[in-house]
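Each protein sequence line maps, in turn, to chains L and R. All residue numbers for the first sequence refer to the numbering used here, where the first residue is 1 and numbers rise by one. All residue numbers for the second sequence refer to the numbering used here, where the first residue is 1 and numbers rise by one. In this text, a Cβ means the ideal position worked out from N, Cα and C, and glycines have one as well. Please read the structure below before turning to the comments.
2 protein chains.
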Amino acid sequence: MATGRTHRPATRSRGIPEATVARLPLYLRALTALSERSVPTVSSEELATAAGVNSAKLRKDFSYLGSYGTRGVGYDVEYLVYQISRELGLTQDWPVVIVGIGNLGAALANYGGFASRGFRVAALIDADPAMAGKPVAGLPVRHTDELESIITDNGVSIGVIATPAGAAQQVCDRLVAAGVTSILNFAPTVLSVPEGVDVRKVDLSIELQILAFHEQRKAGEETTSAQEPAAAAQPRSGAAVRTPAGGRAAGKGPDGDVPAVMPA
Amino acid sequence: MATGRTHRPATRSRGIPEATVARLPLYLRALTALSERSVPTVSSEELATAAGVNSAKLRKDFSYLGSYGTRGVGYDVEYLVYQISRELGLTQDWPVVIVGIGNLGAALANYGGFASRGFRVAALIDADPAMAGKPVAGLPVRHTDELESIITDNGVSIGVIATPAGAAQQVCDRLVAAGVTSILNFAPTVLSVPEGVDVRKVDLSIELQILAFHEQRKAGEETTSAQEPAAAAQPRSGAAVRTPAGGRAAGKGPDGDVPAVMPA
DNA sequence: ATGCCTTTGTGAACGCGTGCACAAAGATGG
DNA sequence: CCATCTTTGTGCACGCGTTCACAAAGGCAT
């Protein structure tokens, strides 16, 4: 759910649905694992299981990229890795800056998943002068004053914000002004950006809150109706990401707590 | 309109759409900020702006919770904070364990967004004996051996996995076996869990990859029309394959290597 | 070659989420 | 008490995403 972008999927022939784009990295990871095990080809069924999705969905996703499979056989692993990488733009080098080198920023700087996917941490930036020069993940922390020059000098177009909420918008503005057009925001704030700038938000506490909701619902169901629709036998469905279809649905309230009292 | 059997119970059937649940924390955050500023009431339009969503969507979301607004006035901030908190299950205490105290685990342990929302870090767990006892975020790190007892003793039902990918499934199995029914997974792996266990995944590199996709497309749009190599270019099986450490020279351009290693 | 078997690619149906637009509900002022 | 104004709550339509189901395509054995 990127905020920020408001216009058409544009590219008519190349109109890959957003939902599909979001799954491509998933496929890529599964394919990379297969590649390392020197598996030459893989069927949509196998790959779908490995990625935790439905096989029909996977085939349709791939169909947006082109016809890269062979009927009766499956997909060539290496070829598909290349195609998806290219589609995602991972065949080129993406310099990124991380702003806000606290616990989270340091964790991000050390995160192996970046470098291995074409992302190169161009610089770590922090507002604290005491941090300046201190090495984190092998890079010296730079002061915020240098933000603009770092971005222009390195041609950075992707910025990661890991600052406290209060500083996020200001940092965002400076990043955008300096030329950044994609932002990954870890600060718990709604960033406002001009047209043409993409923002993706990752909010750790929101994820937990969503889990708490479902957890509460599960706890409530035990006490009321043990009657569970018990969707078709699905022995060990891998994923469970996002609405697993057979999951909740016919819920029924936990228990009848209907307090009409206003605490205010 | 809700899902499931349409009785017409005076109490609303709890068929809250998943998309709505995912936005409730967003509203809650905006409302909390208003509450701290002692704002008594807020209109759907104002709150929607603060939360970064459409006002109609916000009203519809709230309608699933009940009619908590006053026409012509808006919503009572305090009351709404309470209602959403209750709906999300944040009015109770949720003990959580964090497994894998690396950079990310430590960042999570220090993350303020947890404690302030009803989540209490019951324990930090790591497999490294050298970490045991070492204080992180004010808590002593416990060894993995204690995992089961910690969970049962504290009644933990939510677990956070911040281990390397290789250990994630094993940790997950142990968490589930010990009674955890909700898992927030930061490891880049598809976890397989039995029916009834919720898994939410946060993948830092996937978010960046999605940004890269849009970034690449933006860059391509500038030059107007796709200079994209029409799909036919690549020979089926032979070529494509990873160019070991190929050029990438000029930075831009659809060639270069393919990431060979999974992120740790 | 021919026929069988496997697996892809996709047309079509369905369901969910989103946003518009408006009537109903309540506040407010005269 | 009535008129007017504001804002909610929601019916409806539309578009996207998901899933099913199957014909077409290719491999393989005979």
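Please state the DSSP three-state secondary structure of residue i.
i	result
Ser182/L	strand
Gly105/L	helix
Pro17/R	coil
Gly66/R	coil
Val81/L	helix
Pro194/R	coil
Val160/L	strand
Asp93/L	coil
Pro27/R	Correcting the residue identity first, residue 27/R is Tyr in this sequence and not Pro. In this structure, Tyr27/R counts as helix in the three-state DSSP scheme.
Val176/R	helix
Thr41/R	strand
Val73/R	coil
Val99/L	strand
Thr32/L	helix
Asn154/R	helix
Thr49/L	helix
Asn54/L	coil
Gln234/L	With a pLDDT of 34 at Gln234/L, under the threshold of 50, the modelled position of this residue cannot be trusted; read the value that follows with caution. It is coil, neither helix nor strand.
Name the DSSP beta bridge partners of residue i, please?
i	result
Met200/L	Position check: residue 200/L holds Arg in this sequence, whereas Met was assumed. DSSP, once it has assigned bridges, lists Leu184/L as partnering Arg200/L.
Rounded C-beta distance between residue i and residue j? I'm assuming under 8 Å.
i	j	result
Ile98/L	Val193/L	Ile98/L to Val193/L, Cβ: 18 Å. No contact.
Val73/L	Thr41/L	6 Å
Arg142/L	Ala168/L	Going by Cβ atoms, the distance from Arg142/L to Ala168/L rounds to 18 Å, so no, they are not a contact pair.
Glu207/L	Leu184/R	5 Å
Leu104/L	Ala107/R	4 Å
Tyr27/R	Leu58/R	7 Å
Leu147/R	Ala178/R	7 Å
Ala130/L	Pro164/L	Actually they are not in contact, since the Cβ atoms of Ala130/L and Pro164/L sit about 16 Å apart, beyond 8 Å.
Arg117/L	Leu139/L	About 18 Å; that fails the 8 Å criterion.
Ala109/R	Val136/R	5 Å
Ile151/L	Val180/L	6 Å
Gly52/L	Phe62/L	Going by Cβ atoms, the distance from Gly52/L to Phe62/L rounds to 16 Å, so no, they are not a contact pair.
Val343/L	Val96/L	One cannot answer for residue 343/L here, as it falls past the ends of chain L, which runs 1 to 264.
Ser44/R	Ser55/R	5 Å
Asp93/R	Arg120/R	6 Å
Gln209/R	Leu88/L	5 Å
Asp327/L	His214/R	Outside the modelled stretch of chain L, which goes from 1 to 264, sits residue 327/L, for which no answer is possible.
For residue i, verify whether its CB is less than 8 Å away from any heavy atom of the ligand NAD.
i	result
Asp203/L	Summarising the ligand content, the structure contains no ligands, and the ligand NAD is consequently not present.
### Message
What are the residues in the region 101–120 of chain R lying within 9 Å of chain L by C-beta distance?
### Response
From the region 101–120 of chain R, only Gly102, Asn103, Leu104, Gly105, Ala106, Ala107, Leu108, Ala109, Asn110, Tyr111, Gly112, Gly113, Phe114, Ser116, Arg117, Gly118 and Phe119 have a Cβ closer than 9 Å to chain L.
### Task
Identify each residue in the region 43–59 of chain L for which the Cβ-Cβ distance to at least one residue of chain R is less than 8 Å, and report them in chain order.
Those residues of the region 43–59 of chain L placed with their C-beta closer than 8 Å to a C-beta in chain R are Ala50, Ala51 and Gly52, ordered along the chain.
### Task
Entirely within the region 114–149 of chain R and at least 3 residues each: give me those beta strand (DSSP E) ranges in chain order.
The region 114–149 of chain R contains, as complete beta strand (DSSP E) runs of 3+ residues, the segments 119–126 and 139–143 (chain order).
### Query
the region 161–187 of chain L: which residues have C-beta closer than 7 Å to a C-beta of chain R, in chain order?
Taking a C-beta cut-off of 7 Å against chain R, the contacting residues of the region 161–187 of chain L are Thr181, Ser182 and Leu184, listed in chain order.
### Task
Pull out every residue of the region 191–204 of chain R whose Cβ sits closer than 8 Å to any Cβ of chain L, in chain order.
Within the region 191–204 of chain R, the residues whose Cβ lies closer than 8 Å to any Cβ of chain L are, in chain order, Leu191, Ser192, Val193, Pro194, Glu195, Gly196, Val197, Asp198, Val199, Arg200, Lys201, Val202, Asp203 and Leu204.
### Message
So if I threshold CB-CB distances at 7 Å, which residues from the region 150–161 of chain R count as touching chain L?
### Response
Residues Ser157 and Ile158.
### Query
Going along the region 205–216 of chain L in order, which residues come within less than 7 Å of chain R, judged by CB to CB distance?
Against chain R - using a Cβ distance shorter than 7 Å - the residues of the region 205–216 of chain L are Ser205, Ile206, Glu207, Leu208, Gln209, Ile210, Leu211, Ala212, Phe213, His214, Glu215 and Gln216.
### Message
Counting only Cβ-Cβ distances shorter than 9 Å, please list the residues of the region 25–41 of chain R near chain L, keeping chain order.
### Response
Answer in chain order: Pro25, Leu26, Leu28, Arg29, Ala30 and Pro40.
### Message
Taking beta-carbon pairs under 9 Å, can you tell me which members of the region 128–144 of chain L lie near chain R?
### Response
Of all residues in the region 128–144 of chain L, Ala137 have a Cβ within less than 9 Å of some Cβ in chain R.
### Task
Check each residue of the region 57–77 of chain R: if its Cβ is closer than 7 Å to any Cβ of chain L, include it; give the result in chain order.
Result list: Asp76.
#### Entry: Contacting positions in the region 84–97 of chain L - beta carbon closer than 8 Å to chain R
Result list: Ser85, Arg86, Glu87, Leu88, Gly89, Leu90, Thr91, Gln92, Asp93, Trp94 and Val96.
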